Amino acid sequence: NPVIAPILKSLVFKMGNDLGYYVDKKLKSVKKKSVAVKDDSLLKIAHCFDLFESGDWASYQKDIFDRELKQPFKQVFRELYVKTVDEKGRDKSLRYAGHQVQPAKTVALLKTRR
Numbered sequence: 035n036p037v038i039a040p041i042l043k044s045l046v047f048k049m050g051n052d053l054g055y056y057v058d059k060k061l062k063s064v065k066k067k068s069v070a071v072k073d074d075s076l077l078k079i080a081h082c083f084d085l086f087e088s089g090d091w092a093s094y095q096k097d098i099f100d101r102e103l104k105q106p107f108k109q110v111f112r113e114l115y116v117k118t119v120d121e122k123g124r125d126k127s128l129r130y131a132g133h134q135v136q137p138a139k140t141v142a143l144l145k146t147r148r
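In our numbering, the protein residues as written are 35 to 148.
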């Protein structure tokens with residue numbers, strides 16, 4: 035689709051255990067591995083946790099930065115907070131308990147975000 039193709043070219047997709055950019059009916063990884071995408075294949079937009087688990091998150095960040103790609107939303111440069119060793123096995127994290135948001139500083143920070 036010529037309308038959506040430019041938007042999708044900078045996103046990382048997941049198909050089974052494979053990650054990559056969708057190019058010419060193939061999933062091409064940052065390591066240049068190609069996997070054919072069949073008509074009945076299930077593709078999903080990779081979550082940053084998928085990138086984290088793959089061990090290639092930094093490689094995708096470098097690739098997108100080096101090629102000066104713009105993603106339609108934060109995918110590869112998104113924040114991810116995983117449980118620490120102390121938090122594993124717990125249902126709740128108290129990592130940020132007691133931290134207060136300072137409205138003036140928050141507004142100033144948010145004005146600089148795109």
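We put the CB at the ideal spot given by N, CA and C, even for glycine.
Treat the numbers as computed from the prediction; the structure is a model and nothing was measured.
Quiz prompt | Distance CB(residue 105)-CB(residue 45) smaller than 8 Å | solution = Within the sequence shown, numbered from 1, the residue matching residue 105 stands at position 71. Within the sequence shown, numbered from 1, the residue matching residue 45 stands at position 11. A contact, by the Cβ cut-off of 8 Å.
Self-check item: Close Cβ partners of residue 77 (< 8 Å) along its chain, the five nearest in sequence each way excluded
Solution: Residue numbering aside, residue 77 sits at position 43 when the sequence shown is read from its first letter. The answer, listed in chain order, is 47, 48, 49, 56, 61, 71.
Quiz item: CB residue 69 to CB residue 52, shorter than 8 Å?
Solution: Along the sequence shown, read from residue 1 onward, the residue named residue 69 stands at position 35. Along the sequence shown, read from residue 1 onward, the residue named residue 52 stands at position 18. Taking C-beta atoms as the reference points, residue 69 and residue 52 count as a pair closer than 8 Å.
Exercise. Using DSSP bridges, identify the partner residues of residue 78.
Key: Numbered from 1 along the sequence shown, position 44 holds the residue referred to as residue 78. DSSP output for residue 78 lists 48 as bridge partner(s).
Self-check item: residue 115, buried or exposed, once every other Cβ within 10 Å from all chains shown has been counted against 16
Solution: For this step, residue 115 is matched to residue 81 along the sequence shown. By the C-beta density criterion, residue 115 is exposed, having fewer than 16 other C-beta atoms within 10 angstroms.
Practice problem: Consult DSSP for residue 119 and reduce its assignment to one of helix, strand or coil. | Solution: Stepping through the sequence shown from its first residue, residue 119 is reached at position 85. Three-state result, residue 119: coil.
Quiz item: Hey, how far is the Cα of residue 85 from the Cα of residue 91?
Solution: The count along the sequence shown starts at 1 and reaches residue 85 at position 51. The count along the sequence shown starts at 1 and reaches residue 91 at position 57. Approximately 5 Å between the Cα atoms of the pair.
Quiz item: How long is the line joining the alpha carbons of residue 121 and residue 144, rounded to whole angstroms?
Solution: What you label residue 121 is simply residue 87 of the sequence shown in a count that begins at 1. What you label residue 144 is simply residue 110 of the sequence shown in a count that begins at 1. Cα-Cα distance, rounded: 29 Å.
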